[in-house]
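Enquirer: Numbered as in my numbering, the sequence shown ends at 283 without a single skipped number.
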Amino acid sequence: MITGASSGIGAAFAEALAARGLDLVLVARRKELLERLARGLEQSRGIATEVLEADLTLNQDLALVEQRIAAAANLELLVNNAGFGTRGKFFNVDARSQDQMHRLHVLATMRLTHAALEGMVQRGRGGVINVSSVAAFWQSPGSVSYCATKCWMNSFTEGLALELAGSRSPVSVQALCPGYTRSEFHDTAGMKREAIPSSWWMTAEDVVAASLRGLERGDTFVIPGWRYQAAVFLLKHAPRVLLRRIAVHQMRRMGRD
Ligand SMILES: NC(=O)c1ccc[n+]([C@@H]2O[C@H](COP(=O)([O-])OP(=O)(O)OC[C@H]3O[C@@H](n4cnc5c(N)ncnc54)[C@H](OP(=O)(O)O)[C@@H]3O)[C@@H](O)[C@H]2O)c1
């Protein structure tokens, strides 16, 4: 099952997993995009697909997806990928968008993972990929809730990995932490792509390939691309006070709203 499969990284996961012969349940709000993707994969890969139209910020839709997971006795992989960003200072952006972001990144991830792991741990097989971000490793003014919810995702995934290892379970969990990836993400968030050098952009296909290689190795954290691996190393080891100064200075220089 892949959430947020109607575009970007989620659609790339659908392509890559269909190429491995896995049947798919595709979840998102835009049903027509999911159906088009599903039909294409059925024809090109000969797999079975199912489309679930769901807004995962709504309790009743989330409950239906939870029930679908509970009924899937053969669920091999859950990809919690649905997500979005907003631009602007926390106290200037509307509270509803921040509420929805927390529902989607935190509550939906937690509830769907719980629904999936119950069966997977009993069966002794399966995996969960939580699509986080390199933004999880620091606080970027203008994206406060985004960084905070992705940081939660990393912490949650690491905690689960420890519990599973402590229980000698072969079920694996992964926090996938991509950097700038070409998708609809930046259009939705109203961010300009031109400000980012082209060498820092990755394709959704490369991000997914790194994630699936990491899943085979059992890696808890996957950071696609050497640039982002180096950046995360610096973020983890540079003095926090220095990072805070750089973030505040950069925000003032850019005059970000
Ligand atoms: N692109 C990047 O640079 C980047 C970097 C790091 C991490 N990420 C993460 O990667 C994940 C995928 O993003 P993307 O880059 O592929 O962006 P995208 O092309 O905008 O895809 C986002 C997906 O999430 C779905 N979605 C959004 N709100 C939803 C809701 N309320 N209920 C159900 N589905 C919802 C969208 O489908 P519908 O609109 O059809 O519902 C869409 O399929 C996100 O979690 C994002 O935070 C992206």
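Beta carbons: idealized from backbone N, C-alpha and C, even for Gly. No experiment lies behind these values; they were computed from the predicted model shown.
(1) Using the Cα positions of glutamine 255 and isoleucine 249, report the straight-line distance between them to the nearest angstrom.
(2) From the DSSP output, in three-state form, read off isoleucine 95 for me.
(3) Look at the Cβ atom of valine 199, then the Cβ atom of valine 170, and state whether they are nearer than 8 Å.
(4) What do you get for tryptophan 226, buried or exposed, if any count of 16 or more other CB atoms within 10 angstroms of its CB means buried?
(5) Between the region 42–56 and the region 114–132, can you find at least three pairs of beta-carbon atoms closer than 8 Å?
(6) For histidine 35, write down the residues that DSSP places opposite it in a beta bridge.
(7) When you compare the region 56–71 with the region 94–109, are there three or more beta-carbon pairs, one atom per stretch, that lie closer than 8 Å?
(8) Roughly how many angstroms separate the alpha carbons of alanine 175 and histidine 128, rounded to a whole number?
(9) Is the region 146–165 touching the region 200–209, taking contact as three or more C-beta pairs under 8 Å?
(10) Can you tell which of Arg279, Ser158, Ala37, Leu104 has the C-alpha that lies nearest to the C-alpha of tryptophan 178?
(11) Once DSSP output is grouped into helix, strand and coil, what is the label at methionine 127?
(12) According to DSSP, simplified to helix, strand and coil, what is valine 77?
(13) Under the assumption that valine 105 contacts isoleucine 28 (Cβ atoms under 8 Å), give the Cβ distance between them as a whole number of angstroms.
(14) Which same chain residues end up closer than 6 Å to leucine 186 when comparing Cβ atoms and leaving out the 5 residues on each side of it in sequence?
(15) In the DSSP assignment, find the unbroken beta strand (DSSP E) run with valine 160 in it and report its ends.
(16) Would you identify the three-state DSSP class for leucine 67, choosing helix, strand or coil?
(17) Can you name the start and end residues of the alpha helix (DSSP H) that serine 198 belongs to?
Expert: Here's the rundown:
(1) 6 Å
(2) helix
(3) no
(4) exposed
(5) no
(6) Looking at the sequence shown, residue 35 is not histidine but isoleucine. None; isoleucine 35 has no bridge partner.
(7) no
(8) The question names alanine, but residue 175 in the sequence shown is threonine. Taking the straight line from one Cα to the other gives about 6 Å.
(9) yes
(10) Ser158
(11) helix
(12) strand
(13) 4 Å
(14) Val199
(15) Per DSSP, valine 160 belongs to no beta strand (DSSP E) and is neither H nor E.
(16) helix
(17) Here serine 198 belongs to no alpha helix (DSSP H); instead the beta strand (DSSP E) covers 198–202.
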